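Throughout, my numbering is defined as the position within the sequence shown, counted from one, plus 52.
Just so it is clear, CB atoms sit at the ideal spot from N, CA and C, and this is done for glycine as well.
All values reported here derive from a predicted model rather than from experimental measurement.
Below is one structure, written out as structure tokens, with a few remarks after it.
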Amino acid sequence: MLPAKEDIVKAVTFKTSRSGGKGGQNVNKVSSKVELILNVETAAFFTEDERVLLRERLATRMDQEGNLHVVSQEDRSQLLNKERTILKLIALLKSALHVQKKRKPSKTPKSVIRKRLADKQSNALKKEFRKRPQLD
53 MLPAKEDIVK AVTFKTSRSG GKGGQNVNKV SSKVELILNV ETAAFFTEDE
103 RVLLRERLAT RMDQEGNLHV VSQEDRSQLL NKERTILKLI ALLKSALHVQ
153 KKRKPSKTPK SVIRKRLADK QSNALKKEFR KRPQLD
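Below is the structure:
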């Protein structure tokens, strides 16, 4: 189950740094790049099964300590980048915790089988009539 936004904010740490990109002189002064760090092992809102699933599916995004890193530097505002990292984390957790339903194979309906056999029979009759010699 996905945690609430408030629970996520309590469990994560934010690191800020100067970001590249647009902003002019502001880029050199303001730390607008935000990195969100979530330790999956210590997060209280995950069950053990969910932790295993996250470790398995998000292994490329985690470091050796089991921290999940999400970075945002799209906006000039630190606050907007912080919000973006939280939204990115929620989307990431949602996709990683999604379990595909097992597909149940369906049976072919009896009416479809009957129709197919009737069509085959009518085709066979057409071809049978073609073989018979024409009497004048």
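Taking 8 Å as the cut-off, decide whether the C-beta atoms of arginine 103 and alanine 148 are in contact. no
Within 10 angstroms of the Cβ of asparagine 192, are there 16 or more other Cβ atoms? Answer buried if so, exposed if not. With the chain covering 53 to 188 only, the question about residue 192 has no answer from this structure.
Buried/exposed call for phenylalanine 98, threshold 16 Cβ in 10 Å: buried
At the level of alpha carbons, what is the spacing between threonine 112 and leucine 106? 11 Å
Reference leucine 120; option with closest CA among Thr94, Lys81, Glu135, Val164: Thr94
On the premise that isoleucine 142 lies in contact with leucine 88, defined as a C-beta separation below 8 Å, what is that separation, rounded to the nearest angstrom? The Cβ separation is near 11 Å, so there is no contact.
At what residue ranges does the segment 111 to 188 contain a whole run of the alpha helix (DSSP H), taking only runs of 4 or more? 130 to 149, 162 to 183
Under 6 Å Cβ to Cβ from serine 124, same chain only, skipping five residues before and after it: list those, please. Val86, Asn133, Arg136, Thr137
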